[in-house]
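Below: the structure, in structure tokens.
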Amino acid sequence: MNDSSVADFVVAYLERVGAVVEQPGYALAEVLLPESLVPVFGREEMLLAFDYEVAQETPGSIFITHGSSLLDTIVRLAADYRKQTVLYWSGELPSAPRSLEQKIHDQIDYLQCRPPQLDTHWVAENIFYGFYFRGIFRSFEKTEEILPVIVDGYQAIATPGFEKQVNSLFFQEQPDYRVASAPLSPLSCLYHVACREVKKLVREKAVPLCKEAAKLQEKELAKVCGYYERTEAEIRRKLRTTIDPVRKERLEKQLAATMEDRRRRIDDTRGRYQVDIDLRLDHLVAYHLPCVFARVKIQHKKKILEQTLVYNPVTEEVDPPPCPICGQAARCLIPDRDGRFTCPDCH
Numbered sequence: 119m120n121d122s123s124v125a126d127f128v129v130a131y132l133e134r135v136g137a138v139v140e141q142p143g144y145a146l147a148e149v150l151l152p153e154s155l156v157p158v159f160g161r162e163e164m165l166l167a168f169d170y171e172v173a174q175e176t177p178g179s180i181f182i183t184h185g186s187s188l189l190d191t192i193v194r195l196a197a198d199y200r201k202q203t204v205l206y207w208s209g210e211l212p213s214a215p216r217s218l219e220q221k222i223h224d225q226i227d228y229l230q231c232r233p234p235q236l237d238t239h240w241v242a243e244n245i246f247y248g249f250y251f252r253g254i255f256r257s258f259e260k261t262e263e264i265l266p267v268i269v270d271g272y273q274a275i276a277t278p279g280f281e282k283q284v285n286s287l288f289f290q291e292q293p294d295y296r297v298a299s300a301p302l303s304p305l306s307c308l309y310h311v312a313c314r315e316v317k318k319l320v321r322e323k324a325v326p327l328c329k330e331a332a333k334l335q336e337k338e339l340a341k342v343c344g345y346y347e348r349t350e351a352e353i354r355r356k357l358r359t360t361i362d363p364v365r366k367e368r369l370e371k372q373l374a375a376t377m378e379d380r381r382r383r384i385d386d387t388r389g390r391y392q393v394d395i396d397l398r399l400d401h402l403v404a405y406h407l408p409c410v411f412a413r414v415k416i417q418h419k420k421k422i423l424e425q426t427l428v429y430n431p432v433t434e435e436v437d438p439p440p441c442p443i444c445g446q447a448a449r450c451l452i453p454d455r456d457g458r459f460t461c462p463d464c465h
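Take the sequence shown: its position 38, counting from 1, is numbered 156 in this note's numbering, and each next residue is one higher.
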């Protein structure tokens, strides 16, 4: 999550809840909070800085970046902003499938070590955070689309399998079960994961738009250039045949103006078909879902290593754990010298 994405998210949320936000300079935001948020932040006005150097040079400013407590507070408030943004699983508490150890063997590959052995398992409530981004694509036409990214709060990884099924599931506003909660990553870290993943979605969505824009731009540029080439050729023909100095001067000015107009029309055409993308978080939904947590033991050389895996009752799969180095979900794991299980690319 870079400074720009943090700033966009914070400003978008504050404006949505009624704050008056002005940006007097680079990476700065002056905020007048609504009365409802004054008790939360302990002040009526704030000066926010989204760049470290700007914060150092601006007395009284509050530096907001990944991991800051103020950003955590804003993300938490964003989760509570809309009605029914905190939802609970409505089904029965899941139980471990009889074939849980076999599922682990089939779905997670542990290399350079012995196969994992299931040590113990338990049920705990995980939270899957649905970050719903609004993407506005501008070019020869304007389109808007909601781009969802659902992040596992325990493992801090995107869960495309759960995302595909979430709209067909039934959640409710209050839980009718009681179960311990699993430890969760900070919301700011989960937002960082969501930003990383949504950029991939944006690139995928932009590819066909860019191709279509390039085709249309090429056609229009051909028309524009063809018209001005014919016009300039006609003016040059007249210049070659005229002997009147006054008329010649007028034609030379006409040619210069035509060439300048041609450059301007080409720039306008290129700008019209340029693809611009505006992306910001639209809303956030917290899906509370009890999952089966399984601790496995793996023998590597003379060491016995442990890892906790998550069985998702919705997808009926063992979710791939994140690589501790790159943070990407990995179904193939290799123990390193520090006893961590890393993906092959980071090993």
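Even glycine gets a Cβ: it sits at the ideal position worked out from N, Cα and C.
- Task: Could you tell me which residues DSSP puts in a beta bridge with Asp270?
- Result: Phe246, Ile275
- Between which two residues does the beta strand (DSSP E) carrying Asp400 extend? Note, Asp400: beta strand (DSSP E), 394 to 418.
- Spell out the partners DSSP gives Arg252 in its beta bridges. In DSSP, Arg252 forms a bridge with Ile264, Arg398.
- 8 Å contact criterion, which Phe246 and Tyr405 should meet: CB distance rounded: 4 Å
- Task: For Pro453, name the three-state secondary structure that DSSP assigns.
- Result: If DSSP states are grouped into helix, strand and coil, Pro453 belongs with the strands.
- Query: Taking Cβ to Cβ, would you say Leu166 is nearer than 8 Å to Val193?
  - Reply: no
- Message: Beta-carbon within less than 8 Å of Val320's beta-carbon, same chain only, minus the 5 sequence neighbours each way: which residues are those?
- Response: Gly253, Leu265, Ile395, Leu397
- Using beta-carbon positions only, say whether Lys250 and Leu402 come within less than 8 Å of one another. According to the sequence as given, residue 250 is Tyr; it is not Lys. In this structure, Leu402 lies closer than 8 Å to Tyr250 by Cβ.
- Might you give, ordered along the chain, the residues of its own chain that have their beta carbon closer than 8 Å to the beta carbon of Lys201, omitting 5 neighbours on each side? Model confidence at Lys201 stands at a pLDDT of 43, short of 50, so the residue's coordinates are unreliable; what they give is reported in the following sentence. Excluding positions up to five away in sequence, the list is empty.
- Item | Cutoff 8 Å; reference Tyr391; Cβ partners in own chain excluding five residues on either side | Ser257, Phe258, Ala331, Ala332, Leu334, Gln335, Glu338
- Query: Is the beta carbon of Ser303 less than 8 Å from the beta carbon of Gly279?
  - Reply: no
- Select from Leu189, Ala130, Lys329 the residue whose C-alpha is nearest the C-alpha of His310. Leu189
- Using the rule of at least 16 other Cβ atoms within 10 Å of the residue's Cβ for burial, across every protein chain shown, is Lys221 buried or exposed? buried
- Message: Closest to Gly248 by C-alpha separation, out of Asp294, Ser217, Pro293, Cys313, would be which residue?
- Response: Cys313
- Task: Check His184 in the structure and name its three-state DSSP category.
- Result: coil
- Message: Per DSSP, what are the beta-bridge partners of Ser299 in this structure?
- Response: Glu243
- Item | Neighbourhood of Glu133 by C-beta distance below 6 Å, restricted to the same chain and skipping five residues each side | Val139
- Query: Over what stretch of residues does the alpha helix (DSSP H) that includes Val204 continue unbroken?
  - Reply: Looking at the DSSP string, Val204 is not in any alpha helix (DSSP H); the run it does join, the beta strand (DSSP E), is 204 to 207.
- Message: Whole angstroms are fine: how far does the CA of Glu210 sit from the CA of Tyr295?
- Response: 8 Å
- Message: Taking the beta carbon of Ala300 as the centre, do at least 16 other beta carbons fall within 10 Å, making it buried, or is it exposed?
- Response: Counting Cβ neighbours within 10 Å, Ala300 comes out buried, since at least 16 surround it.
- Task: Give a yes or no on whether 8 Å exceeds the smallest Cβ distance from Phe459 to chain D.
- Result: The structure shown contains no chain D; it is built from a single protein chain.
- Item | Span separating the alpha-carbon of Gln225 from that of Glu171 | A straight line joining the alpha-carbon of Gln225 with that of Glu171 spans about 47 Å.
- Message: Spatial neighbours of Leu373 within its chain, please: C-beta separation below 6 Å, excluding the five flanking residues on both sides.
- Response: Ile353
- Message: On the CB-based measure, 16 or more other CB atoms within 10 Å of its CB, does Val414 come out buried or exposed?
- Response: buried
- Message: Let's see if you can read the secondary structure: which residues bound the alpha helix (DSSP H) around Asp437?
- Response: No alpha helix (DSSP H) holds Asp437; the beta strand (DSSP E) holding it covers 435 to 437.
- Whose C-alpha, out of Glu350, Asp385, Lys323, Asp379, is nearest the C-alpha of Leu369? Glu350
- Rounded C-alpha distance that separates Gln230 from His223: Going from the Cα of Gln230 to the Cα of His223 covers about 14 Å.
- Nearest to Tyr228 by alpha carbon, out of Gln417, Lys282, Phe168? Gln417
- Message: With the cut-off set at 8 Å, would you say Cys464 and Cys441 are in Cβ contact?
- Response: yes
- Query: Which value, in whole angstroms, describes the spacing of the CA atoms of Val325 and Thr387?
  - Reply: Distance from the CA of Val325 to the CA of Thr387, rounded to the nearest whole angstrom, comes to 20 Å.
- Query: Would you call Ser306 buried or exposed, if buried means 16 or more other Cβ atoms sit within 10 Å of its Cβ?
  - Reply: By the neighbour-count criterion, in which 16 or more other beta carbons inside 10 Å mark a residue as buried, Ser306 falls on the buried side.
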